[in-house]
Amino acid sequence: MNRSRLLFVLTMAVLTATVSAAAIAKPSGTGKGGPFDVALIGDIPYTAVQEEQTARLFGELDSEKLAFIAHDGDIKSGSSACTDDVYQRELRRFEASKNPLVYTPGDNEWTDCHRPPNPTPEETDPLNRLDYLRGVFFPNDDSLGRKEIPLQRQSDYYPENARWQRGGVTFATLHTVGSNNNRPTTLSNGSVIGNEEEYQARNAANLEWLAETFDAAEENDSPAVMLVIQANPFEEDTAEPSGFSDFKRALEEETIAFGKPVVLVHGDSHTFWIDKPVISEKRLLNFTRVETFGSPDVHWIRATVDPRDEEVFSFEPEIVEENVAP
Numbered sequence: 133m134n135r136s137r138l139l140f141v142l143t144m145a146v147l148t149a150t151v152s153a154a155a156i157a158k159p160s161g162t163g164k165g166g167p168f169d170v171a172l173i174g175d176i177p178y179t180a181v182q183e184e185q186t187a188r189l190f191g192e193l194d195s196e197k198l199a200f201i202a203h204d205g206d207i208k209s210g211s212s213a214c215t216d217d218v219y220q221r222e223l224r225r226f227e228a229s230k231n232p233l234v235y236t237p238g239d240n241e242w243t244d245c246h247r248p249p250n251p252t253p254e255e256t257d258p259l260n261r262l263d264y265l266r267g268v269f270f271p272n273d274d275s276l277g278r279k280e281i282p283l284q285r286q287s288d289y290y291p292e293n294a295r296w297q298r299g300g301v302t303f304a305t306l307h308t309v310g311s312n313n314n315r316p317t318t319l320s321n322g323s324v325i326g327n328e329e330e331y332q333a334r335n336a337a338n339l340e341w342l343a344e345t346f347d348a349a350e351e352n353d354s355p356a357v358m359l360v361i362q363a364n365p366f367e368e369d370t371a372e373p374s375g376f377s378d379f380k381r382a383l384e385e386e387t388i389a390f391g392k393p394v395v396l397v398h399g400d401s402h403t404f405w406i407d408k409p410v411i412s413e414k415r416l417l418n419f420t421r422v423e424t425f426g427s428p429d430v431h432w433i434r435a436t437v438d439p440r441d442e443e444v445f446s447f448e449p450e451i452v453e454e455n456v457a458p
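If you want my numbering, it's the position in the sequence shown, counting the first as 1, plus 132.
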């Protein structure tokens, strides 16, 4: 994306963010502590050039005092090999971060590994890759990064689903990915991708984790909730059974019942955007969607969280100047 196009997108998104923030419902809970900043990133790096840009991005993040970094998945492109060294490379990057880092997997890390080029049968098997990345990125109950924060994991089988609190605000990751969330889809060549059994089990776990997260927010009188997933559930490109409908329906119900600000952070579409989309059937004033930058734009979003403010969340795009195409 060139500079003029990037500026146009940023202008539109910031205008949307201003409207969104003003419309968020007031939290009924009491504020707990002062404001803090969170970095939101995802869908990087996809190329060798972006590996260099991502190094610059993390250098900038290291200079910031952040509560944590949230990476919403896709640490590689969907057309690159799913080899062990790719996962290990990004693990090293995450562990070297001066700030705590919480990561949720993307479809490029496992769902899409059926695509060439992958040199071995293991690396072509999505479930093999899923097992591998779980072991690599989620070995214990702490975040990644040199400064760890404790996390509550859903289970040993779904360790990627995590929950934590800061300033009374409840944060959680849910393993919801693109490619129809791994629900079977027929491609144009007639082949079918996806795995219904895997989808059904993980979908049930996600719905349970979503409900438990809002229960925890209620019990702790959280002023707001932020959820982080990889998929863009608002852009579905298949007429086959949706891998996102259950999640959206449950999210809408929980958001209505909670009645305080809820933010859904996701990637997958690679465009910084903030708005208030219809979740399942309704547009809710206390719900905001934040989509992170992604390839080819290697930048980040600063989320300022102020539990004492009635809106709780505000967002600002942070541009790494050296990463802007001329």
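We treat Cβ as the ideally placed atom computed from N, Cα and C, and that holds for glycine. All figures in this text were calculated on a predicted structure; none of them were measured in a lab.
| So, is L172 buried or exposed, given that buried needs 16 or more other C-beta atoms within 10 angstroms? | In the sequence shown, residue 172 corresponds to position 40, counting from 1. With 16 or more other Cβ atoms within 10 Å, it is buried.
| So, are the CB atoms of D400 and G310 less than 7 Å apart? | Translated into the one-based positions of the sequence shown, residue 400 becomes position 268. Translated into the one-based positions of the sequence shown, residue 310 becomes position 178. At a Cβ-Cβ threshold of 7 Å, D400 and G310 count as neighbours.
| said: Using a 10 Å radius around the Cβ and a threshold of 16 neighbouring Cβ atoms, would you call S354 buried or exposed? | reply: If you number the sequence shown from 1, residue 354 lands on position 222. The residue is buried, with at least 16 neighbouring Cβ atoms inside 10 Å.
| Rounded Cβ spacing between T345 and V357 (contact assumed at less than 8 Å) | As a position in the sequence shown, residue 345 is number 213, starting the count at 1. As a position in the sequence shown, residue 357 is number 225, starting the count at 1. About 7 Å separates the two Cβ atoms, so the contact holds.
| query | Tell me, which residues are paired with T420 by DSSP? | reply | The count along the sequence shown starts at 1 and reaches residue 420 at position 288. Bridge pairing for T420: V395 [DSSP].
| message | Rounded to whole angstroms, what is the Cα-Cα separation between E367 and L259? | response | Taking the first residue of the sequence shown as 1, we reach residue 367 at position 235. Taking the first residue of the sequence shown as 1, we reach residue 259 at position 127. Cα to Cα, E367 sits roughly 25 Å from L259.
| query | So, using beta-carbon positions, are L233 and S275 closer together than 7 Å? | reply | For this step, residue 233 is matched to residue 101 along the sequence shown. For this step, residue 275 is matched to residue 143 along the sequence shown. In this structure, S275 lies closer than 7 Å to L233 by Cβ.
| request: Could you pull the start and end residues of the beta strand (DSSP E) that Y235 belongs to? | output: Counted from its first residue, the sequence shown places residue 235 at position 103. Bounds of the beta strand (DSSP E) holding Y235 are 233 to 235.
| request: Name, in chain order, the residues that DSSP records as bridge partners for R285. | output: As a working mapping, residue 285 is identified with position 153 in the sequence shown. DSSP lists A294 as partners of R285.
| Hey, P316 and E328: beta-carbon distance below 7 Å or not? | As a position in the sequence shown, residue 316 is number 184, starting the count at 1. As a position in the sequence shown, residue 328 is number 196, starting the count at 1. Yes, these two residues count as a Cβ contact at 7 Å.
| request: Evaluate the contact criterion for the stretch 217 to 230 versus the stretch 444 to 452: three or more CB pairs, one atom per stretch, below 8 Å. | output: At 8 Å Cβ cutoff, the stretches do not touch.
| query | Less than 7 Å separating the beta-carbons of G165 and G299? | reply | In the sequence shown, counting from the first residue as 1, residue 165 sits at position 33. In the sequence shown, counting from the first residue as 1, residue 299 sits at position 167. Yes, these two residues count as a Cβ contact at 7 Å.
| query | Apart from the five residues just before and just after P167, which ones in its own chain have a Cβ nearer than 7 Å to its Cβ? | reply | Numbered from its first residue, the sequence shown carries residue 167 at position 35. Cβ within range, chain order: T436, V437, D438.
| query | Is E351 buried or exposed, if buried means 16 or more other CB atoms sit within 10 Å of its CB? | reply | Stepping through the sequence shown from its first residue, residue 351 is reached at position 219. By the Cβ neighbour-count rule, E351 is exposed, with fewer than 16 other Cβ atoms within 10 Å of its own.
| task | Please report the residue range of the beta strand (DSSP E) in which S311 lies. | result | The count along the sequence shown starts at 1 and reaches residue 311 at position 179. First-last for S311: 310 to 313, but that is the alpha helix (DSSP H), not the beta strand (DSSP E).
| message | Among the candidates S412, F303, S229, whose CA atom is the shortest distance from the CA of E196? | response | Counting from 1 along the sequence shown, the entry for residue 196 is found at position 64. Ranking S412, F303, S229 by CA distance to the CA of E196 puts S229 first.
| field | Continuous beta strand (DSSP E) stretch holding E433: start and end | value | Counted from its first residue, the sequence shown places residue 433 at position 301. The sequence shown places Ile at residue 433, rather than the Glu named in the question. Taken as a continuous stretch (DSSP letters only), the beta strand (DSSP E) holding I433 covers 432 to 437.
| message | Using only the alpha-carbon positions, how far apart do A336 and E453 sit? | response | Residue 336 sits at position 204 when you count from the first residue of the sequence shown. Residue 453 sits at position 321 when you count from the first residue of the sequence shown. Our two residues, A336 and E453, have alpha carbons roughly 42 Å apart in a direct line.
| Sequence-distant residues of the same chain with beta carbon closer than 6 Å to D194, five excluded per side | Against the sequence shown, residue 194 aligns to sequence position 62. Same-chain partners within the cutoff: K230.
| query | On the three-pair Cβ rule with 8 Å, is the stretch 244 to 259 touching the stretch 274 to 289? | reply | Because the criterion of three Cβ pairs below 8 Å is not met, the stretch 244 to 259 and the stretch 274 to 289 do not touch.
| said: Using 8 Å for Cβ pairs, my map puts D204 next to H402. What's the rounded Cβ distance? | reply: As a working note, residue 204 is residue 72 in the sequence shown. As a working note, residue 402 is residue 270 in the sequence shown. Between the beta-carbon of D204 and that of H402 there is about 11 Å, and that puts the pair past the 8 Å contact cut.
| field | Within the stretch 176 to 258, ranges of the beta strand (DSSP E) (whole runs, at least 3 residues) | value | Under the rule that a run must span 3 or more residues, the beta strand (DSSP E) segments found entirely inside the stretch 176 to 258 read 200 to 203, 233 to 235.
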